[in-house]
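With this note's numbering as the guide, the letters of the sequence shown map in order to residues 7 to 687.
Even glycine gets a Cβ: it sits at the ideal position worked out from N, Cα and C.
Reading through the structure tokens given below for one structure.
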Amino acid sequence: MSPGAVRRAVRIFFFGFAALLAFGTHWPSLRLPEPGGFTRMDLLLHAGAFFVWTSLLTACGFFGAPLTRRNIAASAVIGAVYAALDEGTQAIPGLHRHVGLDDLLMNWTGVALGAGGAALAALAKRARTDRAPDAALGGADEEHDRAHRGVFAAVRVVAGLTFVSRLGGLARDMASSRVLGDTAEGSAFAFAFLIPNLFRRLFGEGALSAAFIPIYTDEQGRDPTRSARFATVTIFLLAALTMTITLALEAALGLVLLLAPGSPERALTLRLTMVLLPYMPLVCTTALMGGMLQVHGRFAPAAGASIILNVVIIAGAAAAATLRVDRATAAYVMAGAALASGFGQLAWCTWALRPFVRWTRVAAGVGDSTRLMLKRFVPGAIGLGALQVNTMIDGLIASWPILVGPTIFGLAYPLDDRSNAVLGYTQRLYQFPLGVFGLAIATAVFPALARAAGNGALFSEMVRRGVRLSLFIGLPASAGLMIVRRDLVSVVFEGGAFSSEGVDRSAFILMGYAGAVWAYSVNHTLVRAFYARGDTRTPLRISLATVALNLTGNVSLIWIPGMGEAGLAWSTAISSTTQCVLLSRALRGSMPGGRLLDGEDYAAIGRLAGATMAMALVTLAAVALTPDLGGWIGRLVRLNVALGAGVASYGAACAALRTPELGWLLSRRSARGGGGVSPPA
7 MSPGAVRRAV RIFFFGFAAL LAFGTHWPSL RLPEPGGFTR MDLLLHAGAF
57 FVWTSLLTAC GFFGAPLTRR NIAASAVIGA VYAALDEGTQ AIPGLHRHVG
107 LDDLLMNWTG VALGAGGAAL AALAKRARTD RAPDAALGGA DEEHDRAHRG
157 VFAAVRVVAG LTFVSRLGGL ARDMASSRVL GDTAEGSAFA FAFLIPNLFR
207 RLFGEGALSA AFIPIYTDEQ GRDPTRSARF ATVTIFLLAA LTMTITLALE
257 AALGLVLLLA PGSPERALTL RLTMVLLPYM PLVCTTALMG GMLQVHGRFA
307 PAAGASIILN VVIIAGAAAA ATLRVDRATA AYVMAGAALA SGFGQLAWCT
357 WALRPFVRWT RVAAGVGDST RLMLKRFVPG AIGLGALQVN TMIDGLIASW
407 PILVGPTIFG LAYPLDDRSN AVLGYTQRLY QFPLGVFGLA IATAVFPALA
457 RAAGNGALFS EMVRRGVRLS LFIGLPASAG LMIVRRDLVS VVFEGGAFSS
507 EGVDRSAFIL MGYAGAVWAY SVNHTLVRAF YARGDTRTPL RISLATVALN
557 LTGNVSLIWI PGMGEAGLAW STAISSTTQC VLLSRALRGS MPGGRLLDGE
607 DYAAIGRLAG ATMAMALVTL AAVALTPDLG GWIGRLVRLN VALGAGVASY
657 GAACAALRTP ELGWLLSRRS ARGGGGVSPP A
């Protein structure tokens with residue numbers, strides 16, 4: 007089909023969808039049901055409908071090529087105006103429709119997401135151009151120039167795509183929290199996801215990926231045929247290993263259920279875990295394929311895989327709520343939906359890899375590369391996975407009441423059967439900025455670090471840039487989450503089966519986790535710097551020490567009166583901060599001059615800390631001065647005012663203090679040619 011025919015088809019579909027939307031929003035006396043306590047499900051429909059409306063309008067290209075700034079901006083403006091008209095005209099006499107500010111805000115949210123998605127697509131297209139080889143460039147300065155330009159472009163793309171994916175994840179959590187809530191069933195579902203997520207982060211996104219990508223990058227540059235063989239062998243080994251682990255765990259859990267099923271909550275937890283275990287090999291393979299795609303400069307498919315998971319689980323939650331099933335049945339429905347999404351994610355990434363990898367049955371010539379990868383992987387599984395292992399430990403300790411019982415050694419256990427649900431939901435909130443920015447920076451920098459491992463000056467400079475970018479986002483994220491924690495938890499989770507007491511507990515937990523978001527972010531970059539040079543032992547030793555520190559803190563802090571499950575969060579924050587200090591001290595010995603950061607870097611970090619303090623003061627004032635409108639909409643308004651004030655004040659403070667980090671991310675120019683906001687040479 008020609009581009010013109012595609013454009014015409016898109017326009018026809020847009021007008022049809024627009025007519026259907028207008029018809030639905032003006033149907034007299036239409037009221038959506040709220041099944042199973044799933045309150046205000048219509049708000050999600052408002053946002054989703056206008057996301058599709060704006061995306062289609064942008065794709066129509068009425069104001070130029072679809073991905074041009076003019077077309078995206080014009081589509082966003084028209085979408086915002088139409089969203090207001092659509093809501094306002096529902097007040098026409100005889101329609102008997104409700105007109106509300108909350109509906110309008112969700113309409114505009116959908117418009118913003120649609121325009122933002124188009125902007126990210128345009129950014130990804132530009133980033134591929136930025137990374138294209140330039141035969142006219144040569145020499146050391148030009149190598150630095152190309153490296154910086156490619157990394158900053160990649161950070162923008164990865165962060166943007168991850169942001170869209172994480173928004174979908176928040177929508178998924180909004181749905182699941184209202185269906186399962188801070189209940190024993192919610193704790194069981196959270197525990198069932200622990201094992202697949204741990205292996206995904208260790209194998210697909212963590213240690214195996216860190217061991218695989220430098221070798222795959224090197225093989226790709228020397229011999230694409232051999233790199234395809236190496237990729238095939240790695241995928242086969244990963245699938246075989248995770249499937250073997252899955253079968254062994256299925257057998258073990260089945261035996262436990264047969265011999266000692268225990269309480270209904272324990273039996274539900276074990277059965278849900280058995281349902282979700284097959285998701286592990288699917289998602290691990292998908293995640294490693296996502297890493298391969300990133301080596302080839304394709305960042306969108308991995309984000310698309312996460313979107314598949316989010317959409318399918320939301321559909322499962324909506325189906326369970328509509329059918330008014332009990333919470334245990336709803337948990338099974340959502341677990342089955344997650345498993346089904348695993349097949350979709352794997353198919354999606356396999357299709358996306360077609361232009362770059364020719365799968366083969368031939369394994370000749372890749373034995374040395376495979377052995378080197380496995381040698382690096384074993385210590386790396388602990389070195390890069392310290393935060394994930396700590397999260398797993400947190401979940402196991404929080405799950406004691408549903409797995410074992412309410413006592414330990416005859417003493418009343420300080421946590422209850424709701425603790426793991428509250429803990430699991432809260433972890434999603436601090437992981438939002440970490441995933442969007444911290445992991446995005448580390449993900450984008452890692453292939454470049456692997457290529458620069460033999461160039462000491464370039465390697466050192468890129469590590470410093472990665473650390474500063476991590477702090478540029480991590481410091482204000484830590485402060486902001488701590489300030490808005492109560493409103494954030496309430497807006498995202500409260501309602502349906504999630505109680506107000508659960509909101510208070512979750513907010514207290516978030517305060518602990520949020521204090522070290524900056525450390526989580528920096529750790530990802532520092533560990534990958536070691537791995538880019540083939541050093542997996544140093545991160546291993548440090549991670550073993552910090553995991554032991556976290557375990558000690560966990561079993562100590564939860565017994566402090568009033569601390570409860572928040573002790574797990576504070577222990578994770580303390581151990582991660584300690585890991586950051588130890589990694590920094592270990593890495594500086596291998597850097598030129600024996601320094602990880604120079605005086606200019608420390609001065610820049612001081613400016614970032616000052617900007618963060620200014621942002622915190624403004625955000626606190628915004629929270630205190632915003633009038634309480636009451637209800638969910640009141641908390642949403644106060645949260646948005648606080649976030650807007652925080653972002654604006656941080657940007658203004660960074661501009662006043664002349665911090666260059668924002669310019670690195672936004673400018674398409676190189677690190678050396680960007681004018682006032684360029685990084686120093």
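Discussion item. Taking the alpha-carbon of Cys-355 as reference, which of His-52, Gly-297 and Gly-373 has the nearest alpha-carbon?
Written reply: Gly-297
Worksheet item: Which of the three DSSP states, helix, strand or coil, is assigned to Phe-362?
Response: coil
Worksheet item: Just curious, the alpha helix (DSSP H) that Trp-406 is in, first and last residue?
Response: 406–409
Discussion item. With the cut-off set at 8 angstroms, would you say Val-689 and Ala-572 are in Cβ contact?
Written reply: No information on residue 689 is available, as it lies outside the stretch 7 to 687 that the chain covers here.
Item to complete: Buried or exposed for Trp-365, please, with buried defined as at least 16 other CB atoms from any protein chain shown within 10 angstroms of its CB.
Response: With fewer than 16 Cβ atoms within 10 Å of its Cβ, Trp-365 is classed as exposed.
Discussion item. I need the boundaries of the alpha helix (DSSP H) containing Phe-499, first residue and last residue.
Written reply: 462–499
Item to complete: Compare the C-alpha of Leu-409 against each of Leu-278, Asp-179, Gly-652 and Thr-618 and name the closest.
Response: The alpha carbon of Leu-409 has as its nearest neighbour, out of Leu-278, Asp-179, Gly-652 and Thr-618, the alpha carbon of Leu-278.
Discussion item. In the DSSP assignment, the alpha helix (DSSP H) including Met-619 goes from what residue to what residue?
Written reply: 605–631
Worksheet entry | Supposed contact pair Arg-644 and Val-692 - C-beta distance, whole angstroms, cut 8 angstroms | The chain is shown from 7 up to 687; residue 692 falls before or after that span and cannot be answered.
Item to complete: Go through its chain and collect everything with a Cβ distance to Phe-23's Cβ below 7 angstroms, but skip five positions before and after it.
Response: Cβ neighbours of Phe-23 beyond the five flanking positions: Val-58, Trp-59 and Leu-62.
Item to complete: Answer yes if the segment 442–451 comes into contact with the segment 493–513, meaning at least three C-beta pairs across the two stretches below 8 angstroms, and no otherwise.
Response: no
Worksheet item: Which residues in the same chain as Leu-359 place their Cβ atom closer than 7 angstroms to its Cβ, once the five residues preceding and following it in sequence are excluded?
Response: The residues Met-295, Met-298 and Leu-299, in chain order, have a CB closer than 7 angstroms to that of Leu-359 in the same chain once the five nearest residues on each side in sequence are set aside.
Item to complete: Determine the burial state of Thr-248: buried for a count of at least 16 other Cβ atoms within 10 Å of its Cβ, exposed for fewer.
Response: With a 10 Å radius around the Cβ and a threshold of 16 neighbouring Cβ atoms, Thr-248 comes out buried.
Discussion item. DSSP three-state label for Phe-236, please.
Written reply: helix
Practice prompt. Put Phe-305 into one of helix, strand or coil per three-state DSSP.
Written response: The DSSP-derived three-state label of Phe-305 is coil.
Item to complete: Report the partner residues of Thr-335 according to the DSSP bridge assignment.
Response: Thr-335 is not bridged to any residue.
Practice prompt. Work out the CA separation of Pro-9 and Gly-486 for me, nearest whole Å.
Written response: 45 angstroms
Worksheet entry | Coarse secondary structure for Ala-551, derived from DSSP in three states | DSSP, reduced to helix, strand and coil, places Ala-551 within a helical segment of the structure shown.
Discussion item. With three or more beta-carbon pairs closer than 8 angstroms as the criterion, would you say the segment 323–339 touches the segment 241–257?
Written reply: no
Fill in: Top-ranked residue by Cα proximity to Pro-439, from Leu-563, Pro-420 and Gly-175
Gly-175
Fill in: Proximal residues to Arg-470 (C-beta, below 7 angstroms), its chain only, five neighbours per side dropped
Leu-603 and Asp-607
Worksheet item: Smallest Cα separation from Val-170: which of Leu-282, Ala-311, Ala-609 and Val-490?
Response: Ala-311
Practice prompt. Starting from the Cα of Val-428, find the closest Cα among Val-105, Phe-195, Pro-284 and Val-647 and give me that residue.
Written response: Phe-195
Worksheet entry | Where Leu-602 falls: helix, strand or coil (DSSP) | Three-state DSSP puts Leu-602 in coil, outside helix and strand.
Discussion item. Starting from His-32, trace the alpha helix (DSSP H) in both directions and tell me its first and last residue.
Written reply: No alpha helix (DSSP H) holds His-32; DSSP gives it neither H nor E.
Worksheet entry | Nearest residue (CA-CA) to Arg-17, options Thr-64, Phe-56, Ser-35 and Ile-489 | Thr-64
Worksheet item: I think Thr-292 touches Leu-208, with their Cβ atoms under 8 angstroms apart; what is that distance to the nearest whole Å?
Response: So it is not a contact: roughly 14 angstroms between Cβ atoms.
Worksheet item: When the Cα of Ile-307 is compared with those of Ala-177, Thr-168, Ala-513 and Pro-270, which residue comes out closest?
Response: Ile is not the amino acid found at residue 307; the sequence shown has Pro there. Selected option, being the one with the closest Cα: Thr-168.
Discussion item. Do Gly-600 and Leu-663 count as a contact pair if the criterion is CB distance below 8 angstroms?
Written reply: no
Worksheet item: Can you tell me whether DSSP reads Ile-515 as helix, strand or coil?
Response: Helix.
Worksheet item: With 16 other CB atoms within 10 Å as the buried threshold, where does Arg-377 fall?
Response: exposed
Item to complete: May I have the straight-line CA-CA distance separating Ile-580 from Ala-525, to the nearest angstrom?
Response: 10 angstroms
Item to complete: Sort Trp-33, Val-87, Ala-53 and Leu-119 by Cα distance to His-104 and report the nearest one.
Response: Trp-33
Discussion item. Cutting at 6 angstroms between CB atoms, please list the residues of its own chain near Gln-226, excluding the five before and the five after it.
Written reply: Ser-233
Worksheet item: For the alpha helix (DSSP H) that Arg-644 lies in, which residues bound it at each end?
Response: 637–662
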